[in-house]
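Structure record follows, encoded as structure tokens.
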Amino acid sequence: MSNLIKTRLKLQITAGGRISIEHKGQDAKLEIREVTKSDSGLYRCVATNKHGEIESTGLIEGLEYEHRITAINARGLSKPSLPSKPAVLFLPTAESKPSLRKEMDETTAKLGQPAVMKCQIVGRPVPEIKWYHAGKEIVESRKYEMSSDGRNHSLSIMTDQQEDEGEYTCKAVNEAGEVETTGILVLEAAPSFHPDYPLKETYYAGLGTTLRIHAVYIGRPQPKIMWLHGAKTLENTEDISIETTEHYTHLIVKNAQRRVNGGKYRIRLHNHFGRADTAFNVEIYGM
Numbered sequence: 001m002s003n004l005i006k007t008r009l010k011l012q013i014t015a016g017g018r019i020s021i022e023h024k025g026q027d028a029k030l031e032i033r034e035v036t037k038s039d040s041g042l043y044r045c046v047a048t049n050k051h052g053e054i055e056s057t058g059l060i061e062g063l064e065y066e067h068r069i070t071a072i073n074a075r076g077l078s079k080p081s082l083p084s085k086p087a088v089l090f091l092p093t094a095e096s097k098p099s100l101r102k103e104m105d106e107t108t109a110k111l112g113q114p115a116v117m118k119c120q121i122v123g124r125p126v127p128e129i130k131w132y133h134a135g136k137e138i139v140e141s142r143k144y145e146m147s148s149d150g151r152n153h154s155l156s157i158m159t160d161q162q163e164d165e166g167e168y169t170c171k172a173v174n175e176a177g178e179v180e181t182t183g184i185l186v187l188e189a190a191p192s193f194h195p196d197y198p199l200k201e202t203y204y205a206g207l208g209t210t211l212r213i214h215a216v217y218i219g220r221p222q223p224k225i226m227w228l229h230g231a232k233t234l235e236n237t238e239d240i241s242i243e244t245t246e247h248y249t250h251l252i253v254k255n256a257q258r259r260v261n262g263g264k265y266r267i268r269l270h271n272h273f274g275r276a277d278t279a280f281n282v283e284i285y286g287m
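For the sequence shown, position 205 (counting from the first letter as 1) is numbered 205 according to the UniProt record's numbering, and the numbering increases by one without interruption.
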């Protein structure tokens, strides 16, 4: 189509000042910034070409519309075009505070791959959108990419560490008020021992004292964890205690004895994405 015309009260609208008009392919957009009461009224979008014209009018604010285009000439009426993408109509009206149309859902992604958090919020004037992770505002960068069309808002995260998971909040603010929605990002990853908390090659404990070994790991879903002493799998007993959370595993050996508790130990982690294994020695000293 060509010769895009926008009219209001039978007056053609031209771009300039507060008004911008865009026409790309089958998409047409009229934007009025800093709306006033004088902008209220009925708008018509008229598209013409050598075969005729078509117009959109009488549309209802807040509803989604799809458009099909047909052409007519001496030979008859053409088949309708493919439907346009759904578009939501907003007429210049009084201010309205942001409102949620679709809350943010829990999102699952693989660690090292992009993750996208999405929500739908509308308001008049179009609200300013801000994103937060763990209470801290996110600044757009190579890691974070933000997108918004006035209704659909998204945050793309290039995940590179397990700490990227957790709560993300989208907050919308305009002159009439604010609203926010929060969703959780879960990152799936093969287990590994956290590089910031490496295990020692050898641990030492005095005879009869308590030995403590702490291992921090990453991996989702939470891996199964196995402690071994030599070829023996360790379990909770009167003198041995194993505590495991979603972030670490902890071994406590009470009343350490050289012949009973010294030697080689291993920790094995595995989930359906992979496995990890590490080994270390324990030496008991003293009489």
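Built from N, CA and C at the ideal position, the CB exists for glycine as well. Bear in mind the structure is a predicted one, so any value in this text is a computation, not a measurement.
Whole-Å CB distance - residue i paired with residue j, under 8 Å assumed
i, j, result
"E106", "I184", "5 Å"
"R212", "I252", "5 Å"
"G208", "N255", "6 Å"
"K130", "E140", "Incorrect: roughly 11 Å between the Cβ atoms, too far for contact."
"Q162", "L199", "18 Å between Cβ atoms; not a contact."
"I240", "L269", "No, I240 and L269 are not in contact; Cβ-Cβ is about 19 Å, not under 8 Å."
"R75", "R151", "That pair is no contact at about 41 Å."
"I19", "I32", "6 Å"
"E95", "P127", "Actually they are not in contact, since the Cβ atoms of E95 and P127 sit about 11 Å apart, beyond 8 Å."
"W227", "Y265", "7 Å"
Sequence-distant residues of its chain with Cβ nearer than 8 Å to residue i (five each side left out)
i, result
"G263", "H229, G230, N281 and V282"
"G112", "T159, D160 and A189"
"S99", "I121, V122, G123 and V179"
"K143", "I157, M158 and D160"
"E235", "I242"
"E201", "F280 and N281"
"K97", "G123, N174, A176, G177, E178 and V179"
"P191", "Y217, I218, G219, P223, L269, H270, N271, F273, G274, R275 and A276"
"T233", "M226 and W227"
"T278", "F193, L199, A215, R266 and I267"
The ligand FAD heavy atom lying under 7 Å from the CB of residue i
i, result
"S192", "Here there are no bound small molecules, and the ligand FAD is not part of this structure."
Nearest candidate by alpha-carbon position, reference residue i, set the options
i, options, result
"F273", "I218, Y203, T237 and D196", "I218"
"H153", "R142, D164, T169 and K143", "T169"
"T181", "A28, P125, C119 and V260", "C119"
"N271", "E246, G177, R44 and T237", "E246"
"Y203", "A28, P223, R75 and N261", "N261"
"T210", "P223, E238 and R220", "E238"
"R275", "K232, Q257, P221 and Y265", "P221"
"Y132", "T233, L30 and K171", "K171"
"I284", "S192, R258 and D277", "R258"
"T108", "D164, L82 and S147", "D164"
"D149", "K79, L82 and K29", "K29"
Cut-off 7 Å between Cβ atoms - residues of its own chain near residue i, not counting five sequence neighbours on either side
i, result
"A134", "G166 and E167"
"H194", "V216, Y217 and I218"
6 Å CB neighbourhood of residue i in its chain, flanking five on each side removed
i, result
"G286", "G206 and L207"
"S156", "P114, V116 and E145"
"H250", "H214 and E243"
"S147", "S154"
"K110", "E188"
"A15", "I21"
"K79", "none"
"residue 367", "The question about residue 367 has no answer here: the residues shown for the chain are numbered 1 through 287."
"residue 291", "Within the shown structure, residues of the chain are numbered from 1 to 287, placing residue 291 beyond reach of any answer."
Bridge partners - residue i, DSSP secondary structure assignment
i, result
"N281", "T202 and K264"
"E188", "K110"
"E22", "K29"
"A215", "T249"
"E243", "H250"
"I13", "Looking at the DSSP assignment, I13 forms no beta bridge with any residue, so it has no partner."
"L269", "I225 and A276"
"R259", "BP columns for R259 are empty, so no partner."
"K232", "H229"
"R220", "A189"
Cβ of residue i within 8 Å of any chain C Cβ
i, result
"V122", "In summary, chain C is missing from the structure at hand, where a single protein chain is found."
- Task: Please list the segments of the beta strand (DSSP E) lying wholly inside the UniProt domain "Ig-like" (98–182), counting only runs of 3 or more residues, in order along the chain.
- Result: Entirely contained in the UniProt domain "Ig-like" (98–182), the beta strand (DSSP E) runs reaching 3 residues are, in chain order, 107–110, 114–124, 128–133, 144–148, 152–158 and 166–174.
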